[in-house]
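Single-structure report; data block below.
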Amino acid sequence: MDAFQALFLGLLQGLTEFLPISSSAHLILTPAFFGWTDQGVGFDLSVHLGTLLAVVLYFRHDVFGIARDGLLSVTRRKLVGQGALALYLVIGTIPAGLAGLALLDMIDNELRAVEVIFTTTLVFGLLLGIADWLPKRQRTLDQLNWKDAIVVGIAQAMALVPGTSRSGVTITAGLFLGMTRHTASRFSFLLAIPIIVLASAVKLLEVATSDIIVDWSGFLLGGVTSFIMAITAIHFFLKWLNTVGMWPYVIYRIVLAGVIYAVLM
Numbered sequence: 000m001d002a003f004q005a006l007f008l009g010l011l012q013g014l015t016e017f018l019p020i021s022s023s024a025h026l027i028l029t030p031a032f033f034g035w036t037d038q039g040v041g042f043d044l045s046v047h048l049g050t051l052l053a054v055v056l057y058f059r060h061d062v063f064g065i066a067r068d069g070l071l072s073v074t075r076r077k078l079v080g081q082g083a084l085a086l087y088l089v090i091g092t093i094p095a096g097l098a099g100l101a102l103l104d105m106i107d108n109e110l111r112a113v114e115v116i117f118t119t120t121l122v123f124g125l126l127l128g129i130a131d132w133l134p135k136r137q138r139t140l141d142q143l144n145w146k147d148a149i150v151v152g153i154a155q156a157m158a159l160v161p162g163t164s165r166s167g168v169t170i171t172a173g174l175f176l177g178m179t180r181h182t183a184s185r186f187s188f189l190l191a192i193p194i195i196v197l198a199s200a201v202k203l204l205e206v207a208t209s210d211i212i213v214d215w216s217g218f219l220l221g222g223v224t225s226f227i228m229a230i231t232a233i234h235f236f237l238k239w240l241n242t243v244g245m246w247p248y249v250i251y252r253i254v255l256a257g258v259i260y261a262v263l264m
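Printed below as a string of structure tokens:
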């Protein structure tokens, strides 16, 4: 992997990880468009670590408060402060964690096909648009319950299929449940933290227990660029959320599906 490829893919991962347009689809399709070789597990690990650092740093006050209150809730055996939100994040992570363990081989070997990505890009993009049209989205983070966590968690598990978009499908589920755009997005971003930790742990274990040779210059470049782009994307996504809504991303997904169909199918 040369420096340009590492830079480009790092920026792409950082931009698409938290926007509702599917980072996995872009990382699969980009080498196909340009004729590049697969970037490898080591590089995937680096960009995951970059995006993880970005979301933790951006929501550092929330993360600290949720972790503190979650631990206090466990030790005191009653919900304290944001302990309920900590519980919902755990509940919301379980479906994707179980699905990832059960279906990892199928996802890697069968669901990365262009036809699958075309379908998920288009269908889940349209669902996001429909959800954004719904009226009376008024629910905030302090109004969520364990049922909401299960529904959003199941939606997150569906995002293991490339092209679905983890942030897109969890925001869509939140909007269908009556959450405000800001609440659905914030819960989605916080829910990203444990699942990215799990994904990074899996990739780290794969690197550590195999003969994979890590390109450390590409690793560093990909990680740094994904971090910078991810924290920028989160900031401006939330800043412009109520002004532009979800439809720019819906339109982008429809156009992308058209490009996939025309060029790769």
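Take the sequence shown: its position 138, counting from 1, is numbered 137 in numbering that gives the first Met the number 0, and each next residue is one higher.
Ideal Cβ placement from N, Cα and C applies to all residues, glycine included.
Which listed residue (F175, N108, N144) has its alpha carbon closest to that of K135: F175
Exposed unless 16 or more other CB atoms sit within 10 angstroms - verdict on F186: buried
Which term fits L103, buried or exposed, when burial requires 16 or more other beta carbons within 10 angstroms of its beta carbon? Its Cβ having fewer than 16 others within 10 Å, L103 is exposed.
Start and end of the alpha helix (DSSP H) containing A200? 180-207
For V62 versus I192, is the C-beta spacing smaller than 8 Å? yes
Of the choices S164, Q142, A172, whose alpha-carbon is the least far from that of V151? A172
Tell me the rounded alpha-carbon separation between L84 and L143. 8 Å
Measure from the alpha carbon of I129 to the alpha carbon of each residue in A98, V168, P94, then state which is nearest. V168
Please report the distance separating the alpha-carbon of E91 from that of D141. Checking the sequence, you will find Gly at residue 91 rather than Glu. C-alpha separation (whole angstroms): 16 Å.
Out of K146, T118, R165, T179, state which residue places its alpha-carbon closest to the alpha-carbon of T139. T179
So, helix, strand or coil for R75, using DSSP? helix
Take the Cβ of K202 as the centre, count every other Cβ of all protein chains shown within 10 Å, and call the residue buried at 16 or more, exposed below. buried
In terms of DSSP beta bridges, what is R252 paired with? Answer is none; R252 lacks a bridge partner.
Around the Cβ of Q38, are there at least 16 other Cβ atoms within 10 angstroms (buried) or fewer (exposed)? Q38 should be labelled buried.
How about E205: is its Cβ closer than 7 Å to a heavy atom in the ligand MN? This structure lacks the ligand MN; in fact it carries no ligand of any kind.
Using a 10 Å radius around the Cβ and a threshold of 16 neighbouring Cβ atoms, would you call H47 buried or exposed? Counting the other CB atoms within 10 Å of its CB gives H47 a total of 16 or more, which places it among the buried residues.
How long is the line joining the alpha carbons of A207 and Y251, rounded to whole angstroms? CA-CA distance, A207 to Y251, rounds to 38 Å.
V79 versus H60 - alpha carbon distance: Approximately 16 Å between the Cα atoms of the pair.
Buried or exposed: T265, going by 16 or more other Cβ atoms within 10 Å of its Cβ? The displayed coordinates of the chain run from 0 to 264. Any statement about residue 265 would go beyond what the structure contains.
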